[in-house]
Every structure is written in C-alpha cells, then in structure tokens.
Amino acid sequence: MILGIWFGNPILDALVKIGVFIVPVMTVTVMFLIWAERKVVGRFQARLGPMRTGPFGLLQSVADALKLLTKEDVRPALADRWSFELAPFALFIPIFITFVALPFTQDWVLRNLDLGLFYVLAALALSTLGLLLAGWGSANKYALLGGVRAAAQMISYELPMVFALLAVAVVAGTLNLNAMIEQQARVPYVVYQPLAFVIFLIAATAELHRQPFDMPVAESEVVGGPTVEYSGIRWSMFYLAEYASLWITSILGAVIFLGGWAWPYGQEWGLPWQLALGAVKSGLIIFIVFWIRASMPRMRIDQLMSYAWKVLLPLTFVALLVNGFVVVYDLPLWVLTVASVLILAGTVAGIQRAVKRKVRAQVGAVRSLAYARRS
Amino acid sequence: MTIEREFETVTMDINVGPQHPATHGVFRMVLTVDGERVVDLEPYIGYMHRGGEKLSENMDYRQGIGYQDRTCYLSQFIAEHAYVLAAERLMEIQVPERAEYIRVIMDELNRVASHMMFVGAFGQDVGTFGTAFGYAFRERERIQDLFEEVTGERLMYSYYRVGGVAWDLPPGFEESCRRVIRELRQGIADLDGLLTTNEVFIERTRDVGAIPVEDAIEYGLSGPMLRACGVPFDIRRAEPYSLYDRFDFEVPVGDRGDVFDRYWVRMQEMAQSLRIVEQALEQLPGGPILAERLPRMLRLPPGEIYQRVEDARGEYGLYLVSRGANKPYRLKMRSPSFSNLQALRDMTVGHYVADAVIILGSIDIVLCEVDR
Amino acid sequence: MSEEQERTTGGEGERPPRRTPEMQVTKSDEGAAPEPEVGGVASLFREVLPDVVFGAEQQAYDVALTVSREDLVRVMEAARRDPRLAFDYFRFNSGVDYQAEGLEVVYGLYSLTHKHSVIIKVRVPQDDAWVPTLVHLWKGANWHERETREMFGIEFRGHPDPRNLLLDEDLDIHPLRKDHPLAEIELKQGENVF
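Residue numbers (my numbering), protein chains in the order written: chain A, 1 to 375; chain B, 1 to 372; chain C, 1 to 194.
Spelled out as structure tokens, the structure:
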C-alpha cells in the first residue's frame, strides 16, 4: 500500500493516486516506448531511426504528440455519435485501470488485490469493446470489417493467454501478483514453465495487434483498419492505448514469469534495485516484441485464427494438464521444465517440417547458388 | 469442405485506388468481394500514359534512347539495349567487342538491381514492415553507386548509343565491380535467410496466385512469371542477342507458378546474373567503345524489325518501322508488364483479399512500362 | 573436294559477318534456338494453307507474312491449332498508320514448342478499318486489341470489351494516327472535345 489511504475514502484515494502517480509515469513511458520502437526497429532494418528532433531523436514523440493535438477533429457525418466518440475511451480506460493491481516494487502497488491476476486479465479483455465501437461507429464498411476481425482476433487469443497464465497460477497456488513474485525470489517461473512463457508471448503479441498478427489493423494495404476515420487527438488515444497495453503486458510477463522485482536479490537489496530489475525485465519483453515485429511477415486472417485455435489452444491445454499432474501428484518442479521443453521442441519441429516440406526442393539452394562461381 | 449457404449475401466492391500504400505505382483495381473471397477483379490502367510511342516518332535515334529509360525505369539499360540493337541491326553496324561486354555487364547488374527492388517491395507487401526493404535497397544502392561512377546518373542513364556506348568505364571499375559482386552475394544470402525459409512467408506465398501453364503462354507471360510455371523460355537462351551465347549461366524455373516460385526464380536469377558479370569482367577486352565512322545524323534504311531482349520482367520488344528518316516511322514498345498484368484477374479470382496485394506484387509491374 | 576437306572447312571457315543472327548451340540446351531456315516459317504456312496468298519477307529476326483480312481468321486459327505451326505464345498486336496506303495491323507470335516466330500483317483501308478479333484464340489478344483500337481507330469485330484501355473512358480520339497532332490539342478531363 503506497503511503496508506489518503482522504479516508478508498475510491477517492485510488483516483487521486492514479492521477498523481500513474498518469505522468505512463505518459512519459509511452512516449519513450514509441521512440524506442522506432529506434530499435530502425536498427533492425539497417537504418538509424529518428535522429533530428532532439538528441538522438528523443523529442520525436513530443513532436508527434504536438502535431496530433493541433489537428482538426474530423467526424464523419454519418457516424454514430456515441459509438464514435466513446470508442477511444472504451479502449483506453480498461487499460488504464489495470495499473491498480500491478506491482512495480515490493511496496509500490496501488492495491494488492488477492485476485490480482484475474483483475488484470479481465480489465485487458474489456478493451476489446473499444475496437468494436470504433469499427461500428465509423460509418465505414471497411472499418466495420476491420473492427470485427480485430475483435475476433482478440477473443481468440485471449484464451491461450489466460490459460497459460492460469497454468502458472495453478503451480503458484495464488492469484495475488505480489505473492507470486515473492515465490520467485529464488527461481523465476520461466525456468519451470518455458512453454507457458512462450505461449504467453505469442498470445500477447496477438492481443496487441502486433506483427505477425496485425492483419486487422494493417489492412491499410487494401482497406483501413477500425481506426481509419479517426484523426488528431482521438487517434492519438488509440496510439497511446496500444503502447500502454504493450507496457502492461510486458510488466505482466515480467511479474509472472521473470520474477518481477524479486529475482535476483530483490528483497535484500532494496528499492532502487527492485525498480531497476522491473525496468530491465519488462524492457526485455518489449524488446522481444519489437524484434519479432521487425523480422516476420504478416499472417493472413484465416491463418492467424487457425493458428490460435488449432495450435496454441491445444498446447495450452497440454500445459495445463501437465501442471495439474505436477500439483496433484506432488512431483518435483523440474518435471515441469522437462515436459515443457519437450513439448515446445516437438511442436516447433512439427510446424517446421510441415511447412518446409512445401518448399523442400528450394530451401537452402539460393545460398549455394549465390556463392557459385563460374563453373 | 463446402458450407451450404442459407443466407443471401451481397458482394462488395473494394476500390484499390490509384494511390496505393504499396509501392507499385499508379494502378487501380476494383475487387468484387464476397465475404473474404475475391469474386471478380477489374484492373484500370492508363494513369501513366504519356504517349510514348507518339513521342518516339518525333525523336531521332539519339533522343529516343532517353525515352526508353523512362519507359522501363527499373531495367533501363536493357530497354536502351533493345533500342540501339534495333537501330544497329537495320543499319548493319558492327559494334566493338568492348562495348558489347560493357553492355552485358550493365544489363546484368541492372537486372540484379531490379530484382532487389522487387524483393524489397514484395517483402513490404507480405508484411515484413521494411526489413526486407531496407536490406534490399542497401544492396541496390551499391549497384547504383557503380552506375553513377560509370554514367553520372542514378536512374535515367542514357548511356548506350547506336554503335556502342557513350563513355568508357572509369579506371578502377573492375575492382569496384568485383567488390560489389561479393557484397551482393552476401546480401542475397541475407535476404534469403530472412524470407525464403520463414514459415509465415511460405504459408502466405505457397499455392497462392498460381496460373496454369497453357493460360500463361496464351497471355504472353514472359520472364520470371513464365519461368515460375516451369517453362524455360529465356530470350537470352532462345533467341540470343549481344554476347549471351558466350556465357555460362542457368535458367532457373519453378514448378507451380505460384507467388513463391516467382520470388524464388527472381532470387536465383540474381545469382545467375552475378555469374555472368564475373565472366564478362574476366573476358573484357580493350579497344574502342563506339563504332567507327558513324554518320552525325543517323538515318536508318527503310525496313522493319522486331527486336526483343530479356528484360528483368520478361520479353521487352520493340517493333520498329523505319522509312528512311532519322526518326522511326512507328515504334511499338511491347512491354512485359503489360502482358503480365492481363493475367492478374485469372490469378486472383478465388483467393482472399489479402492475397490480392501479394499477387499483384509478385507480378512486379512497372507502371510506366504498362502505360508507356 | 574430298569429304574430309569439306568437313574441316565447314566449322573452321570464315565466320559470317555478325549482322546476321548466329545461332550457336549453348552449353545448356534448355530453350536454345535451332538452326535458322530463311523462309522456313513461310514455307510451313504455305504447306498448311496452300490456297491462301501470303506476301513474305525476311526481316532481321522474323519472317513477316502479309495476309488479307478475309484470310486472317483462317491463318490465325491454323497458326494456333496446327501442330506444325503451334504458335501458342502471343507476343503483341499493334498498328501502323500508312495514311493513304491504309492502316496495317501487325501481330507477333512465337512457338514455344518449335521455337520459331512470325510476324503477320494485315493491311486495311482507312475508311473501312476493321479486322476480326482473335480473342478466342489467345487470351493475351484482349488488351493488345483494345489498345490498338483506341490508338488507331481500327475496329476489332467481335471483341467482347472494346473500351478504352490507356486513354480516358470518354475520349474518342485516335492519337497514333498520323493526322493527329503531337501537342497542339489540349483536352481537359471530362470534356470530350471531339
């Protein structure tokens, strides 16, 4: 509990603390993340990223925000007024309220909820509504299509993500996020549950509509995504919401799998070290998301959905089963590790073999040809 | 597995307008879509029509070389080559060997540059968000630096002349060229590692946009489009011009004619072109670069000729009718992208909307060539 | 001369001047060109259609055959279907404006099986400019014929979709005709001056 309850009223207290602590931190972090993405992805693409606005382009996000704030707020005449205007808020607010339960350090958590994990996941799932409202309210059939597809994707990938986290919670025996972290003080859960971690990463990338799962929003190849009719401040809210949810998901991943502020030596070495640990771990997950974005082509919407339902969901069920066995029969935890690694390796090998069989004749030959000399 | 339709559904028209987010130029197509499947496709071209054939009737045989660059702006040297070859054949001019070798080197490097552009733009269409683009264009810049050394230009070279080439190669060209070839080989391997074995890429491109071989031949598809269907038709082999009968290279073919095969054939062609450039560099003789005793004003004897060359996109042909003047009486430019684009409808109908962009990208059209 | 001498002079003798196409057999025979026969394609056509009158001339690479409009469909069908000719690859179709001497429609064809090519020309008078369509023989003829129609004003009878291809939909000019000026006329979009 940070500095006790102010004003004696828990709701007022939460609101004020959100306004004083969360909003500035989130704004700055999100702007930093936008800059970081452009730099990191630029480096992957053999270019520098923003360089001119401020030292190393650090003020680029500020410049973008200023530009967006000064744009005209255009609303289509046929747009449904309430849906259109509420949609950015419907997307943004659920993401916002998840901060209540996220632990940044041992003491710095707004409310240490016993149902912390459940609360965070439920709030994140609420944000799906925002995209649907945006798609519907835009009076644009392409936005509607995009919005429906985006919602379908989010719902489909919700299941593997929740089940993967549930698998960890089964072994941990609690849904309280801070308690989970304290249990990882010696060994982070990723060591025992690499399979759940991988599933969580993939599902989270899909939830965030990031490559390779960004077909609904990058349908700007052919049509616009659900946010096509928005401009100026409203659009910037969608943009900020995307990066804020990226941050939240990475914190969630760091907290549940990588040991949060506790590993290594978090509890012994005090506050600054805990903050640094949290930053590094969530930064690592964010970096992986950027990395995947820069490297992979986009999946088509039907391939994306079949991947969720036919590959990820069965995998999560298997993971849940294995976890259940370990808990019920009181097996040592390294059994989990071994089982996870085996299942993961088997799935990856299976997919690779199934797909590469289609190009068996061609794979690898260009490299030898490229180095072929005159014969 | 078919699902019985109980509802009456309405098809929707999607206009992929003249302004594309993808990098193919000014092209418009109207997709008629039933749910996710494309039911019909209507292409509209002509946005880049500048009346090139009429203009060519008013340009003499030196001015016309520059227009060929602007028609085929990614295979400029090859288009110029067709033009000067047509004139040289009709005038029966003997081109010096050194000029011919220089032309082959420039042509093949141009082919590699054009295919690099294809891989970059295609990687963007497939969704790699610029990584393939960045790598491919870095390699292309190396070639363009070479071209700038030789001609002084980055895009519209106007380097060939009727009877040879305009200037000799600068000193040190051979070393730069060999270095570029080495770096290009590494670049091709990089792009191959990024895309070819990527499971998502394979899933997106395999069995998408295939066209039966008989239809392909009827449409007049040529170049990598036809070779991806399995037909080993390459004008450098079938109707050799310039010095192509002296070089040892293979003609890569695909097996299914789908988008992956077209990408694959172009990747291999880059490797083969580099082989040709190496052989040409080794065999490069000294000597003059322009035929002797050329008249100041070139007048072609009356006659007609259909000169075809192997462009990066296929068969680029010039049907030249001369009536003895210093300008062509009629110059018909048979561009490969024009014939290739006709097949777009047949290739796309039945696929998903998201595939339409990929199929269009795989044809590798140059709009200036389609519209002239 | 004895046979040996003939054989030795055959390969090592004077190389013919490079202005005629030299067909050497290349290392990989895939797609390589056969030995050329001047007028070979013309005699094939005469053999397949003995009653049709052809004008024939040898251009630098191809044999150019001139046929009359009435025989065009027969000639083209034979070119497409007859296994001795087998012209399956449609190269191009275009026109040439010879003003008083008429308009000429030019077809370029190639055979992937026999690896020979041909140019077929038809001359039509200016005031009666039409030829039958060939869309039913080659799918590729579709766009080429549309373009030739809009550029020259030659009607392709039977074409399923004779709209403008490169020019605006409402324009009714034929720019590649010699009597159409190069730059003097300015047309604004949507205003059909003619």
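Each residue gets a CB set at the ideal place from its N, CA and C atoms; glycine is no exception.
No experiment lies behind these values; they were computed from the predicted model shown.
Residue of B:Gly123, B:Ile143, B:Ile65, B:Asp248 minimising C-alpha distance to histidine 81 of chain B: Mapped onto the second sequence, residue 81 of chain B falls at position 81. Looking at the Cα atoms, B:Ile65 is the closest of the given residues.
Under 9 Å from the C-beta of valine 126 of chain B: neighbouring residues of chain A: By 1-based counting over the second sequence, the position of residue 126 of chain B is 126. One finds Pro297, Arg298 in chain A with Cβ atoms closer than 9 Å to the Cβ of valine 126 of chain B, taken in chain order.
Whole-Å CB distance - leucine 194 of chain B paired with threonine 131 of chain B, under 8 Å assumed: Residue mapping note: residue 194 of chain B aligns to position 194 of the second sequence, counting from 1. Residue mapping note: residue 131 of chain B aligns to position 131 of the second sequence, counting from 1. Indeed, because the Cβ distance is near 7 Å, the residues count as touching under 8 Å.
Contact list for the region 47-62 of chain C against chain B, Cβ threshold 8 Å: Listed by position, the residues of the region 47-62 of chain C near chain B (Cβ gap below 8 Å) are Gln59, Ala60, Tyr61, Asp62.
Residues of the region 33-62 of chain A whose Cβ lies closer than 9 Å to any Cβ of chain B, in chain order: Residues passing the 9 Å Cβ filter: Val41, Gly42, Phe44, Gln45, Ala46, Arg47.
Exposure of valine 104 of chain B, with buried meaning 16 or more beta-carbon neighbours within 10 Å: The residue you call residue 104 of chain B lines up with position 104 of the second sequence. By the 10 Å Cβ count, valine 104 of chain B comes out buried.
Those runs of the alpha helix (DSSP H) which lie wholly inside the region 156-225 of chain B and span at least 4 residues: If one requires a minimum length of 4 residues, the alpha helix (DSSP H) runs lying completely within the region 156-225 of chain B are 173-191, 199-205, 213-219, in chain order.
Strand pairing of threonine 66 of chain C, partner residues [DSSP]: Sequence index remark: in the third sequence, residue 66 of chain C carries index 66 (1-based). Threonine 66 of chain C is bridged to C:Gly55, C:Lys121.
Proximity below 7 Å, CB of histidine 115 of chain B to CB of arginine 266 of chain B: The residue labelled residue 115 of chain B in the question sits at position 115 within the second sequence. The residue labelled residue 266 of chain B in the question sits at position 266 within the second sequence. Between histidine 115 of chain B and arginine 266 of chain B, the C-beta gap is smaller than 7 Å, which places the two residues in contact.
Counterpart residues of glutamate 97 of chain B in DSSP-defined beta bridges: By 1-based counting over the second sequence, the position of residue 97 of chain B is 97. Per DSSP, none; premise fails for glutamate 97 of chain B.
Residues sharing a beta bridge with isoleucine 286 of chain A, DSSP: The residue you call residue 286 of chain A lines up with position 286 of the first sequence. For isoleucine 286 of chain A, DSSP records no beta bridge to any residue.
8 Å Cβ cut-off: residues of chain B touching proline 212 of chain A: Numbered from its first residue, the first sequence carries residue 212 of chain A at position 212. Per Cβ cutoff of 8 Å: Gly127, Val200.
Asparagine 15 of chain B burial status per 10 Å Cβ neighbour count (16 or more: buried): For the purposes of this step, residue 15 of chain B is taken as the residue at position 15 of the second sequence. Asparagine 15 of chain B is exposed by the Cβ-count criterion.
At least three beta-carbon pairs within less than 8 Å, the region 252-263 of chain A to the region 278-290 of chain A: Yes, since at least three Cβ pairs between the region 252-263 of chain A and the region 278-290 of chain A fall closer than 8 Å, the two stretches touch.
Backbone CA spacing between proline 103 of chain A and tryptophan 263 of chain A [nearest angstrom]: Start at 1 with the first residue of the first sequence, and residue 103 of chain A comes out as number 103. Start at 1 with the first residue of the first sequence, and residue 263 of chain A comes out as number 263. Each residue's alpha carbon lies about 14 Å from the other.
Coarse secondary structure for proline 160 of chain A, derived from DSSP in three states: For the purposes of this step, residue 160 of chain A is taken as the residue at position 160 of the first sequence. DSSP places proline 160 of chain A within a helical segment (H, G or I) once states are collapsed to three.
Nearest candidate by alpha-carbon position, reference alanine 87 of chain A, set A:Gly137, A:Val23, A:Met31: Locating residue 87 of chain A in the first sequence gives position 87, counting from the first residue. The alpha carbon of alanine 87 of chain A has as its nearest neighbour, out of A:Gly137, A:Val23, A:Met31, the alpha carbon of A:Gly137.
Alpha carbon of alanine 210 of chain B to alpha carbon of methionine 347 of chain B, nearest angstrom: Looking up residue 210 of chain B in the second sequence gives position 210. Looking up residue 347 of chain B in the second sequence gives position 347. Cα-Cα distance, rounded: 6 Å.
Threonine 9 of chain B classed as buried or exposed, judged by whether at least 16 other C-beta atoms fall within 10 angstroms: Counting from one through the second sequence, the residue named residue 9 of chain B turns up at place 9. With fewer than 16 other Cβ atoms within 10 Å, it is exposed.
Given arginine 323 of chain B as reference, the closest of B:Asp60, B:Ala79, B:Ala136, B:Ile365 once Cα atoms are compared: Here residue 323 of chain B corresponds to residue number 323 of the second sequence, with the count starting at 1. Among B:Asp60, B:Ala79, B:Ala136, B:Ile365, the Cα nearest to that of arginine 323 of chain B is on B:Asp60.
Chain B contact residues for aspartate 161 of chain C, given Cβ-Cβ distances below 7 Å: One-based indexing of the third sequence puts residue 161 of chain C at position 161. The premise fails here: aspartate 161 of chain C is roughly 10 Å from chain B at the closest Cβ pair, so nothing lies under 7 Å.
Straight-line gap, valine 124 of chain C to valine 321 of chain B (C-alpha atoms, nearest Å): In the third sequence, counting from the first residue as 1, residue 124 of chain C sits at position 124. In the second sequence, counting from the first residue as 1, residue 321 of chain B sits at position 321. Pairing valine 124 of chain C with valine 321 of chain B, the inter-Cα distance amounts to about 17 Å.
Residues near proline 302 of chain B by beta carbon distance below 7 Å, same chain, minus five either side: For the purposes of this step, residue 302 of chain B is identified with residue 302 of the second sequence, where counting begins at 1. Only Ser322, Arg323, Gly324 meet the Cβ criterion.
Contact list for glycine 140 of chain C against chain B, beta-carbon separation under 7 Å: Taking the third sequence and counting its residues from 1, the one referred to as residue 140 of chain C is at position 140. Within chain B, the residues near glycine 140 of chain C are Glu218, Tyr219, Gly220, Ser339, Gln342.
Boundaries of the beta strand (DSSP E) in which phenylalanine 156 of chain C is found, first to last residue: The residue you call residue 156 of chain C lines up with position 156 of the third sequence. First-last of the beta strand (DSSP E) with phenylalanine 156 of chain C: 155-157.
Distance, asparagine 142 of chain C Cα to valine 73 of chain C Cα: Translated into the one-based positions of the third sequence, residue 73 of chain C becomes position 73. Translated into the one-based positions of the third sequence, residue 142 of chain C becomes position 142. Each residue's Cα considered, the two are about 15 Å apart.
Nearest-angstrom Cα separation, counted from histidine 351 of chain B out to aspartate 207 of chain B: Counted from its first residue, the second sequence places residue 207 of chain B at position 207. Counted from its first residue, the second sequence places residue 351 of chain B at position 351. Between the alpha carbons of aspartate 207 of chain B and histidine 351 of chain B lies a distance of about 10 Å.
Buried/exposed call for tryptophan 35 of chain A, threshold 16 Cβ in 10 Å: Here the question's residue 35 of chain A lines up with position 35 in the first sequence. The residue is buried, with at least 16 neighbouring Cβ atoms inside 10 Å.
Pairwise C-alpha distance: phenylalanine 99 of chain A and isoleucine 363 of chain B: What you label residue 363 of chain B is simply residue 363 of the second sequence in a count that begins at 1. What you label residue 99 of chain A is simply residue 99 of the first sequence in a count that begins at 1. For the pair isoleucine 363 of chain B and phenylalanine 99 of chain A, the Cα-to-Cα distance works out to about 49 Å.
Residues from the region 95-108 of chain C in contact with chain B, defined by Cβ distance under 7 Å: Residues of the region 95-108 of chain C that bring their beta carbon within less than 7 Å of a beta carbon in chain B comprise Val96, Val106, Gly108, in sequence order.
Assigned exposure category for lysine 39 of chain A - 16 Cβ within 10 Å defines buried: Looking up residue 39 of chain A in the first sequence gives position 39. Its Cβ being crowded by 16 or more others within 10 Å, lysine 39 of chain A is buried.
Asparagine 110 of chain B, buried or exposed, once every other Cβ within 10 Å from all chains shown has been counted against 16: Position 110 of the second sequence holds residue 110 of chain B. The Cβ neighbour count for asparagine 110 of chain B, taken over all protein chains shown within 10 Å, is at least 16; the residue is labelled buried.
Where serine 94 of chain C sits in the DSSP three-state scheme: Translated into the one-based positions of the third sequence, residue 94 of chain C becomes position 94. Reduced to three states, the DSSP call for serine 94 of chain C is strand.
For phenylalanine 200 of chain A and tyrosine 399 of chain A, the rounded distance between their alpha carbons: In the structure as shown, chain A begins at 1 and stops at 375. Residue 399 of chain A is therefore absent and cannot be evaluated.
Under 9 Å from the C-beta of aspartate 179 of chain C: neighbouring residues of chain B: Within the third sequence, the letter at position 179 stands for residue 179 of chain C. None at all; the shortest Cβ gap to chain B is about 12 Å.
Those residues which DSSP pairs with threonine 32 of chain B across a bridge: Within the second sequence, residue 32 of chain B is the residue found at index 32, counting from 1. Residue pairing by DSSP places threonine 32 of chain B opposite B:Asp13, B:Asp40 in a beta bridge.
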